[in-house]
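Working notes, structure below.
Protein chains: 2
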Amino acid sequence: MSHDRIAQQFAFLVEADKLKTIIRRTSLIDLSRQENSAEHSWHLVLAAMLMREHTAVEFDLLHALEMLTIHDLVEIDAGDTFAYDASGQATKAQRELDAAERIFGLLPSDQAAYLRALWEEFEARETPESRFANAMDRLQPLLQNARSDGGSWRTHDLTRDQVLDRMAPIESALPTVWPIVVEIIDAFCASGLIRVP
Amino acid sequence: MSHDRIAQQFAFLVEADKLKTIIRRTSLIDLSRQENSAEHSWHLVLAAMLMREHTAVEFDLLHALEMLTIHDLVEIDAGDTFAYDASGQATKAQRELDAAERIFGLLPSDQAAYLRALWEEFEARETPESRFANAMDRLQPLLQNARSDGGSWRTHDLTRDQVLDRMAPIESALPTVWPIVVEIIDAFCASGLIRVP
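For the record, the sequence lines run as chains A and B.
Numbering-wise, the first sequence is residues 1 to 197 according to the working numbering.
Numbering-wise, the second sequence is residues 1001 to 1197 according to the working numbering.
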């Protein structure tokens, strides 16, 4: 194993530190500050370890955890695009492709290709691992918002349909969890924090 | 799968959010603030994915990633004990045992037992997965400190022997990486940031 290879891995790990400075719209549950994408990614991995038992199909948990760990790294260059921001979403794909090229490209080529493939798989939402990972990426902000007085739902005046649509990956990946998700959303509708037009 | 079981998992995931407020001695590499234990845990999982190829023995990567994900959760109650703080280290074990009891105890009993066993395995440093996980827990702060002008080494006036002793788990788990770690430490000794008595 060459000195150069290890140096590339170290350089990538140093660059990855910047994900801790990418700020999301979601707050910590104690409302002390907004969440960053590195700690968000950690929370998804933890959620995946515990919620995997609720999935309808068999899948490779290691593969899903690796996917969740790297899924937001492109935000180091592309920033966090708010899920409900239509104009940001329109340019997101190209910005993230450029970011993937640069950031994963810091690694030895075999590892760059592996992480890039994991990221593309996450984005495509076609494999069981990717569908499950995307469901975790919806469930964790739901819990954050539900426990922080409406969180990013409140501040962005969303409707019930918008929130349900955003949460839909949970319905297909974790069918037995879905009714509880709908209960949480409906409680927020009842209290007026999510709009029912 | 009962409603109660999912509610316990959600309550645990909400409690885990507090790990994002546990502040470590290590700074982010850009020196903008100190690191928290949740984003630190994420960084270790990422490091593990990339560095596993350097280990001397075969091991179960999924098991190591799960261990790294949960290894600091006890700090929600017990706080982060600085590695070089002797008096804090003396009371750390009991504080963390109490924390493990309460925090993992929020989960359904089978998952509580699983996470607790993972944490105990991490602390015991006896299995290949645990030795590797502990090596990651040393390597990441090394990179943070090396790229942030000495970081927690500088502010705590450490000697070369103290730092080498702290980094020793890297030597046994990742023997081919060790010479590069010693190079980094010696460069800091040469520049006067680590003391050579």
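Heads up, the beta-carbon is just placed ideally off N, CA and C, and yes, glycines get one too.
Bear in mind the structure is a predicted one, so any value in this text is a computation, not a measurement.
Determine whether the Cβ of residue i lies closer than 9 Å to any Cβ atom of chain B.
| i | result |
| --- | --- |
| leucine 50/A | yes |
| threonine 127/A | no |
| serine 41/A | yes |
| alanine 99/A | no |
| valine 45/A | yes |
| phenylalanine 10/A | yes |
| aspartate 161/A | no |
| lysine 92/A | no |
| aspartate 30/A | yes |
| glutamine 203/A | Chain A is shown only over 1 to 197; residue 203/A falls outside these bounds and no answer can be derived. |
| glutamate 66/A | yes |
| glutamine 111/A | yes |
| leucine 13/A | yes |
| isoleucine 6/A | yes |
| isoleucine 23/A | no |
| alanine 38/A | yes |
| leucine 164/A | no |
Closest Cβ-Cβ distance between residue i and chain A: below 9 Å?
| i | result |
| --- | --- |
| phenylalanine 1132/B | no |
| aspartate 1137/B | no |
| asparagine 1145/B | no |
| histidine 1071/B | no |
| histidine 1054/B | yes |
| serine 1172/B | no |
| valine 1074/B | no |
| histidine 1003/B | yes |
| glutamate 1035/B | yes |
| alanine 1016/B | yes |
| leucine 1107/B | yes |
| isoleucine 1194/B | no |
| isoleucine 1103/B | no |
| isoleucine 1180/B | yes |
| threonine 1177/B | According to the sequence shown, residue 1177/B is valine rather than threonine. Cβ-Cβ to chain A under 9 Å: yes for valine 1177/B. |
| leucine 1158/B | no |
Buried or exposed: residue i, going by 16 or more other Cβ atoms within 10 Å of its Cβ?
| i | result |
| --- | --- |
| aspartate 137/A | buried |
| glycine 151/A | buried |
| arginine 1033/B | exposed |
| glutamate 35/A | buried |
| histidine 3/A | exposed |
| arginine 1102/B | exposed |
| alanine 146/A | buried |
| proline 1179/B | exposed |
| aspartate 17/A | buried |
| leucine 31/A | exposed |
| aspartate 72/A | buried |
| glutamate 1126/B | exposed |
| threonine 1069/B | buried |
| glutamine 1144/B | buried |
| threonine 1091/B | exposed |
| serine 1148/B | buried |
| glutamine 1089/B | exposed |
| alanine 1038/B | buried |
| serine 27/A | buried |
| alanine 1100/B | buried |
| alanine 1048/B | buried |
| alanine 974/B | Residue 974/B is absent from the structure shown; chain B starts at 1001 and stops at 1197. |
Relative to the ligand FMN, is the shortest distance from any of its heavy atoms to the C-beta of residue i smaller than 8 Å?
| i | result |
| --- | --- |
| aspartate 77/A | This structure lacks the ligand FMN, and indeed carries no ligand of any kind. |
My understanding is that residue i touches residue j, with C-beta atoms under 8 Å, so please give their C-beta distance in whole angstroms.
| i | j | result |
| --- | --- | --- |
| leucine 106/A | phenylalanine 12/A | 4 Å |
| tryptophan 119/A | valine 45/A | About 15 Å; that fails the 8 Å criterion. |
| isoleucine 1023/B | valine 177/A | Not really, about 33 Å apart at Cβ, beyond 8 Å. |
| histidine 1040/B | glutamine 1140/B | 7 Å |
| methionine 67/A | phenylalanine 122/A | 5 Å |
| arginine 116/A | leucine 158/A | About 32 Å; that fails the 8 Å criterion. |
| isoleucine 185/A | leucine 164/A | 6 Å |
| methionine 51/A | glutamine 1162/B | Contact flag wrong, Cβ pair sits at about 41 Å. |
| valine 14/A | isoleucine 1029/B | 6 Å |
| alanine 112/A | phenylalanine 104/A | 4 Å |
| tryptophan 1042/B | tryptophan 42/A | 4 Å |
Exercise. Would you call the region 1056-1068 of chain B and the region 1076-1083 of chain B touching, i.e. three or more CB-CB distances under 8 Å?
Worked result: No, they do not touch.
Exercise. Would you call the region 122-134 of chain A and the region 165-176 of chain A touching, i.e. three or more CB-CB distances under 8 Å?
Worked result: Yes: the two stretches touch, three or more of their Cβ pairs being nearer than 8 Å.
Problem set entry | Completely contained alpha helix (DSSP H) runs for the region 2-65 of chain A, where each covers 4 or more residues | Qualifying alpha helix (DSSP H) stretches, in chain order: 3-16 and 37-51.
Exercise. Which ranges would you report for the alpha helix (DSSP H) in the region 1067-1118 of chain B if only whole runs of at least 4 residues count?
Worked result: Runs of the alpha helix (DSSP H) inside the region 1067-1118 of chain B: 1075-1078 and 1086-1104.
Exercise. For the region 1146-1173 of chain B, which segments carrying the alpha helix (DSSP H) assignment without a break, of at least 4 residues, lie completely within its bounds, in sequence order?
Worked result: List check, alpha helix (DSSP H) in window: 1151-1155 and 1160-1173.
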